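In what follows, a single structure is set out as structure tokens and then discussed.
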Amino acid sequence: MERFDHRTATEDEILERAALLEGMRLGDIPGATFSSTDPRQGRQEVGHAIEAWFGIPPNPSAEPDFPGAGIELKAVPLLRGDDGIRVKERTVISLIDYHGIVAEEWETASVRKKLRILFVFFEHLADTPKEGFPIHHVLLWEP
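Here the working numbering is used: the first residue of the sequence shown is 1427, the next is one more, and so on.
What follows is the structure in structure tokens.
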């Protein structure tokens, strides 16, 4: 695959690269490191590994992860139970600035920059180190 730059990548380039994740395990991602062997610890490590796949450095930016395409990246853990697969926990889109939100209008609200989301769904396996978590699906979503 040609050099991928998350800052200038188009939607098609992002989706093409994302599709390669499906069927991989987190430990298959080049450069992925997991310091905790307890799958309940180090939640950020999974997000950082998936960001690394796209060349995104760890950052607390209010801008989308793929600024050129206006797409935010979110890793979503899934749990398998007797009634099928479900999302393990809520996904945070953006933190609320309770002081600034009163001055915002929906048309120009800061959260709108993060409402095109590339979800990467992986299965959280309770008795397996994070390296063994399978990536099941990627999905570009927007309301």
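Note that the Cβ used here is the ideal one computed from N, Cα and C, for glycine as well. A quick note: this is a predicted structure, and the numbers were derived from the prediction, not measured.
On the CB-based measure, 16 or more other CB atoms within 10 Å of its CB, does residue i come out buried or exposed?
{"i": "P1483", "result": "exposed"}
{"i": "A1501", "result": "buried"}
{"i": "L1452", "result": "buried"}
{"i": "W1479", "result": "buried"}
{"i": "S1525", "result": "Ser is not the amino acid found at residue 1525; the sequence shown has His there. Exposed."}
{"i": "G1518", "result": "The amino acid occupying residue 1518 in the given sequence is Val; Gly does not appear at that position. Burial call: exposed."}
{"i": "I1527", "result": "exposed"}
Less than 8 Å between the beta carbons of residue i and residue j, yes or no?
{"i": "K1556", "j": "P1490", "result": "no"}
{"i": "L1566", "j": "L1447", "result": "no"}
{"i": "F1547", "j": "L1504", "result": "yes"}
{"i": "G1494", "j": "F1430", "result": "no"}
Rounded to whole angstroms, what's the CA-CA distance from residue i to residue j? Just pull it up for me.
{"i": "H1530", "j": "S1536", "result": "The sequence shown places Glu at residue 1530, rather than the His named in the question. Cα to Cα, E1530 sits roughly 8 Å from S1536."}
{"i": "A1435", "j": "S1461", "result": "30 Å"}
{"i": "M1427", "j": "E1439", "result": "Bear in mind that a pLDDT of 49 at M1427, under 50, signals an unreliable position, so the model cannot answer this."}
{"i": "E1533", "j": "I1543", "result": "18 Å"}
{"i": "F1492", "j": "G1449", "result": "23 Å"}
Can you tell me where the alpha helix (DSSP H) holding residue i begins and where it ends?
{"i": "G1510", "result": "Looking at the DSSP string, G1510 is not in any alpha helix (DSSP H); the run it does join, the beta strand (DSSP E), is G1510 to V1513."}
Tell me which residue opens and which closes the beta strand (DSSP E) that residue i is part of.
{"i": "A1501", "result": "E1498 to G1507"}
Got a sec: does the ligand PLP put a non-hydrogen atom nearer than 7 Å to the Cβ of residue i?
{"i": "R1429", "result": "In the structure shown, the ligand PLP is absent, as is every other ligand, since no ligand is present at all."}
Quick check: the region 1450 to 1460 against the region 1505 to 1516, are at least 3 beta-carbon pairs closer than 8 Å?
Between the region 1505 to 1516 and the region 1450 to 1460, the count of C-beta pairs closer than 8 Å stays below three; the two stretches do not touch.
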